[in-house]
Structures are given as C-alpha cells and as structure tokens.
Amino acid sequence: MAADAVVAFRVLGPVEVRRAGVPVLLPEGQVAQLLGVLLVNANQLVPVDTLMAVLWPDEAPATGRKMVQVRLSRLRALLASTPATIIGGRAGYRLDVRADAVDLAEFRARVAAGRGAPPEDALGLLGSAL
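The opening residue of the sequence shown carries number 0 in numbering that gives the first Met the number 0; numbering runs sequentially from there.
What follows is the structure, given as structure tokens:
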C-alpha cells in the first residue's frame, strides 16, 4: 500500500476500509460482500447478475435488482468521505479507486514483477507480495 494513502482498502483477509491506518466500521452482511466484490474487480464493471449471484447464491429474490441498488446506496454513503466512487446503473457497477489504495492490486503488481524478474531477484519480489 502506498505510504501516503489516507484511505486503504483490504480484501486479502477480511474486507476492510482503513482511514489513516484506523479501521472504519463496516456493516456486516451484504453491504460488506458488495464492497468485497467491487474491490476484487476494482475499476472494472461488475454485472448486476454477478452481484446478485454473490448475495444470493441459490436464487435471487424477485426484487433482487432493487435490493442490490438499496445496498449500493448504503455503500455509497459509507464511501462518501473516501476517494472511491461507485459508478453504474442497469448493466452493472464499477468501483473507481486508485489501484495503490487496494491491497490486492499491490499484491498482483508484486507477483507480476517477481514473475518477470531473474531468478535471483524473483524470490525477494515474490516474498514481498506476501
């Protein structure tokens, strides 16, 4: 994570939002699940059907799309004081966030650097990803 990041998002482990290193209280349940899915797919459109499948793995209720909108509204309110923004509508939703604010993005970048490095450097780079 960038040292100067005021707000940091974590998905490697429990979903967390940290402001200046201090955890922000997240509601449990579906709002946190939505945040996790959007963070794993940060800066990419996630179809509404995918979000519904995460929230209701067996079968979405008839009002599932509306319920997703309601939960995303709660999530938008929670993220209002952060640089992250939820964009979207009928087709899907995207969480716009700086890549260096999400632990998964940093992990992926370090793994990619390790894979492309000479063997003598790869171990250190891959180890730093953990």
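Beta carbons are placed, not taken as given, at the ideal position from N, Cα and C, and that holds for glycine.
As the structure is a computational prediction, the values presented were derived from the model and not from experiment.
Item to check | Counted within 10 angstroms of its Cβ, other Cβ atoms place T107 as buried (16 or more) or exposed | outcome: The question names Thr, yet the displayed sequence has Arg at residue 107. Exposed.
Next on the checklist: If you reduce the DSSP assignment to three classes, tell me which class A59 lands in.
Outcome noted: coil
Next on the checklist: Using only the alpha-carbon positions, how far apart do G95 and G63 sit?
Outcome noted: Inspection of the sequence shows that residue 95 is occupied by Asp rather than by Gly. D95 and G63: Cα-Cα distance of roughly 23 Å.
Next on the checklist: Please report the distance separating the alpha-carbon of D120 from that of G12.
Outcome noted: Rounded to whole angstroms, D120 to G12 spans 27 Å at the Cα level.
Checklist entry - Unbroken alpha helix (DSSP H) runs of length 4 or more, entirely within the region 78-115: which are they? => result 102-114
Next on the checklist: Let me confirm a value: V30 is counted as buried when at least 16 other C-beta atoms fall within 10 Å, else exposed. Which label applies?
Outcome noted: buried
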